[in-house]
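*Asks:* Starting off with a structure, shown below.
There are 2 protein chains.
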Amino acid sequence: MTDTTQQRLSLAVSTVVFALRPHLRTGRLTVWLPLVRRIREPYDGLWALPGGPLEDDQDLAASARATLARTTGLAPRYLEQLYAFGDVDRSPGARVVSIVYWTLVRPDEDAQAIDGENVEWFPADDVCGLAFDHDVIVRYALDRLRAKITYSPIAHAFLTDEFTLAQLREVYEAVLGRRLDPANFRRQILAQGTVEPTGRHLTGTSHRPPALYRSNLARPRATLTIEETA
Amino acid sequence: MTDTTQQRLSLAVSTVVFALRPHLRTGRLTVWLPLVRRIREPYDGLWALPGGPLEDDQDLAASARATLARTTGLAPRYLEQLYAFGDVDRSPGARVVSIVYWTLVRPDEDAQAIDGENVEWFPADDVCGLAFDHDVIVRYALDRLRAKITYSPIAHAFLTDEFTLAQLREVYEAVLGRRLDPANFRRQILAQGTVEPTGRHLTGTSHRPPALYRSNLARPRATLTIEETA
DNA sequence: TCAAAAGTGTTGCCGATACACCCATGT
DNA sequence: ACATGGGTGTATCGGCAACACTTTTGA
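Top to bottom, those sequences are chains D and F. Using the UniProt record's numbering, the first residue of the first sequence is number 1, and each one after it goes up by one. Using the UniProt record's numbering, the first residue of the second sequence is number 1, and each one after it goes up by one.
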């Protein structure tokens with residue numbers, strides 16, 4: 001908190017970006033993330049998380065967004081701080097503390113993503129051999145995603161405004177890596193009160209048209225609980 | 001991650017220290033924390049979290065420990081990263097990013113704490129008017145403590161090696177601020193498998209001598225679950 | 001008419017709560 | 001003896017997993 005000038009220490013902000021895409025072989029939805037190829041030492045040529053130095057006039061989250069816009073063209077809505085990594089030896093020849101964010105992008109945002117020359121997407125569970133300690137960071141972010149989806153309605157962040165409960169269930173299944181019972185899933189989600197029906201239905205399927213829902217974070221479960229107990 | 005030199009930006013590490021002490025009026029156990037009086041601008045004279053600039057050759061957690069040892073004489077065992085605070089305007093006249101840790105100290109550690117001239121302890125729920133954004137940080141740390149104690153066996157970190165279940169329950173009650181049913185609490189804790197009986201009993205009480213337990217993080221619940229399902 | 005997924009109903013199990021009750025010690 | 005907290009037993013309630021069953025569409 002004091003004004004000591006720090007010479008060799010630099011502060012970077014990086015982001016773990018998660019999107020859902022079909023797996024190349026199985027076709028099943030899985031978690032993917034974009035990586036950036038390093039074009040200088042250290043770790044020249046290796047893949048790394050998108051990131052960059054923190055600017056003087058930027059908040060931490062703003063820095064993460066700026067880097068994402070520059071490297072991948074993404075402007076995601078959900079963005080959350082993950083952890084600060086600052087081991088002395090994590091970057092050869094320099095002291096770099098990285099404050100890492102993680103983010104979820106929707107299919108429409110994902111579609112707008114313009115992969116630059118040195119940007120490529122990978123299945124999140126397969127990534128390894130990244131620059132710096134980024135293997136550990138990706139692992140940590142994946143754990144957080146899988147933990148948080150079980151107690152927080154973040155799955156909506158993977159979907160567009162209107163969605164069916166089957167689509168929402170696909171998100172959970174992709175993230176958790178296992179099938180869920182459609183009947184029980186429906187009841188769980190509706191009991192939370194985090195979605196509300198739009199009244200519209202999805203047509204064109206070869207079966208009964210599913211109802212469309214929107215996420216309802218303006219009237220979360222807590223409010224309902226207060227009303228119920230009152 | 002690049003080597004750009006950063007001039008005006010400095011990185012500090014601060015820590016929210018939690019200990020349990022009896023409340024002055026009610027006598028009931030509550031959460032306390034030590035604060036340090038600032039002796040320079042900005043916020044000269046106000047109370048602030050213990051902290052200091054990050055040294056080049058120190059890991060983040062090591063920096064937190066060093067500051068604690070210097071200001072309060074504490075060497076706590078439980079130490080966890082809380083959050084990185086880096087809003088542009090959080091420190092007048094300078095850009096400071098603070099990586100904040102939180103820690104729990106045991107009564108014996110607490111007893112060793114030598115309060116310096118400018119160090120004073122306060123009930124955690126009462127603190128306000130701190131320097132910088134430290135009010136927000138303390139609030140955030142308290143929320144984390146109260147959330148985490150419900151799903152993680154961190155309460156042990158408030159106790160010495162041997163303790164009774166009643167003492168452990170007092171910790172929960174102090175943190176959560178409400179009474180717990182002794183019978184059900186006992187079953188919950190034992191079902192977790194995070195404590196094991198030492199075989200010894202606490203004597204000198206005016207009632208039946210309670211059994212003493214130690215924390216058992218070497219054989220956590222997960223191991224038992226695997227054995228059960230095998 | 002059939003396949004396929006949407007959506008509803010029902011049952012059984014498990015964990016948590018509430019609370020009655022017995023146990024062992026100091027005074 | 002009795003007060004006090006330690007410790008055990010048990011009934012009840014609610015949530016969740018499993019799964020049978022009905023509904024509605026396109027082909």
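C-beta atoms are modelled at their ideal positions from N, C-alpha and C, and glycine is treated no differently. No experiment lies behind these values; they were computed from the predicted model shown.
Give the single residue among Arg28(D), Arg65(D), Trp32(D), Arg214(D) whose Cα lies nearest to the Cα of valine 13(D).
*Replies:* Arg65(D)
*Asks:* Taking 8 angstroms as the threshold (beta carbon to beta carbon), is isoleucine 99(F) in contact with chain D?
*Replies:* yes
*Asks:* Report yes if the C-beta distance between threonine 194(D) and leucine 180(D) is below 8 angstroms; otherwise report no.
*Replies:* Contact flag unset, no.
*Asks:* Considering isoleucine 99(F), what are the terminal residues of the beta strand (DSSP E) in which it resides?
*Replies:* 95-104
*Asks:* Output the residue ranges of the alpha helix (DSSP H) runs that lie fully inside the UniProt domain "NrtR DNA-binding winged helix" (158-214) of chain F and measure 4 residues or longer, sorted by chain position.
*Replies:* 165-176, 182-192, all fully within the UniProt domain "NrtR DNA-binding winged helix" (158-214) of chain F.
*Asks:* Using a 10 Å radius around the Cβ and a threshold of 16 neighbouring Cβ atoms, would you call threonine 205(F) buried or exposed?
*Replies:* exposed
*Asks:* Valine 100(F) and arginine 146(F): beta carbons closer than 8 angstroms?
*Replies:* no
*Asks:* Using CA coordinates, which residue listed in Arg106(D), Val97(D), Asp135(D), Val36(D) is at the minimum distance from alanine 61(F)?
*Replies:* If we check each option's Cα against that of alanine 61(F), Val97(D) comes out closest.
*Asks:* Would you call aspartate 110(D) buried or exposed, if buried means 16 or more other Cβ atoms sit within 10 Å of its Cβ?
*Replies:* buried
*Asks:* Flag this pair as touching only if the segment 16-35 of chain D and the segment 122-142 of chain D have three or more C-beta atom pairs under 8 angstroms; answer yes or no.
*Replies:* Touching, yes.
*Asks:* Evaluate glycine 177(D) with the Cβ neighbour count: other Cβ atoms within 10 Å of its Cβ, from every protein chain shown; 16 or more gives buried, anything less gives exposed.
*Replies:* exposed
*Asks:* At the level of alpha carbons, what is the spacing between arginine 70(D) and serine 63(D)?
*Replies:* 11 angstroms
*Asks:* Could one say the Cβ of glycine 129(D) lies closer than 8 angstroms to chain F's Cβ atoms, at least one of them?
*Replies:* no
*Asks:* Using 10 angstroms around the beta-carbon of arginine 38(F), count the other beta-carbons present and answer buried if the total reaches 16, otherwise exposed.
*Replies:* Result: buried.
*Asks:* Just checking: is the beta-carbon of aspartate 133(D) within a distance shorter than 8 angstroms of some beta-carbon in chain F?
*Replies:* Output row for aspartate 133(D): interface = no.
*Asks:* Between proline 22(D) and arginine 139(F), what straight-line distance do the alpha-carbon atoms span, to the nearest angstrom?
*Replies:* One C-alpha to the other measures close to 42 angstroms.
*Asks:* Give the residues of chain F in contact with residue 231(D), contact being defined as C-beta atoms less than 9 angstroms apart.
*Replies:* What is shown of chain D runs 1 to 230, which leaves residue 231(D) out entirely.
*Asks:* Under a three-way DSSP split, which group does threonine 26(F) fall into?
*Replies:* It is coil, neither helix nor strand.
*Asks:* Report the neighbours of alanine 166(D) on chain F: residues whose CB is nearer than 7 angstroms to its CB, in chain order.
*Replies:* Within chain F, no residue comes near alanine 166(D); the closest Cβ sits about 30 angstroms away, beyond 7 angstroms.
*Asks:* In chain order, what residues of the same chain lie with their CB nearer than 8 angstroms to the CB of leucine 82(D), ignoring the 5 residues before and after it?
*Replies:* Val16, Val100, Tyr101, Trp102, Ile137, Tyr140, Ala141, Arg144
*Asks:* Give me the Cα-Cα distance between glycine 27(D) and alanine 155(D), rounded to the nearest whole angstrom.
*Replies:* 20 angstroms
*Asks:* Quick one: is arginine 8(F) near chain D, going by C-beta distance under 8 angstroms?
*Replies:* So, interface residue.
*Asks:* When you check each C-beta in the segment 43-54 of chain D against every C-beta of chain F, which residues fall closer than 8 angstroms?
*Replies:* Ala48, Gly51, Gly52, Pro53, Leu54
*Asks:* Considering only DSSP beta bridges, list what phenylalanine 122(F) is partnered with.
*Replies:* Leu33(F)
*Asks:* So, is alanine 191(F) buried or exposed, given that buried needs 16 or more other C-beta atoms within 10 angstroms?
*Replies:* Exposed: under 16 other Cβ atoms inside 10 Å.
*Asks:* Span of the beta strand (DSSP E) holding alanine 84(F)?
*Replies:* 78-85
*Asks:* By Cβ distance below 7 angstroms, which residues in the same chain neighbour proline 92(D) in space, the five residues on each side in sequence not counted?
*Replies:* Pro42
*Asks:* If you follow the alpha helix (DSSP H) that residue 236(D) is in, where does it begin and where does it stop?
*Replies:* With chain D covering only 1 through 230, there is no way to say anything about residue 236(D).
*Asks:* Would you identify the three-state DSSP class for serine 63(D), choosing helix, strand or coil?
*Replies:* DSSP places serine 63(D) in helix when its eight states are reduced to three.
*Asks:* So, helix, strand or coil for leucine 20(D), using DSSP?
*Replies:* Shown here, leucine 20(D) sits in a strand according to DSSP, grouped into three states.
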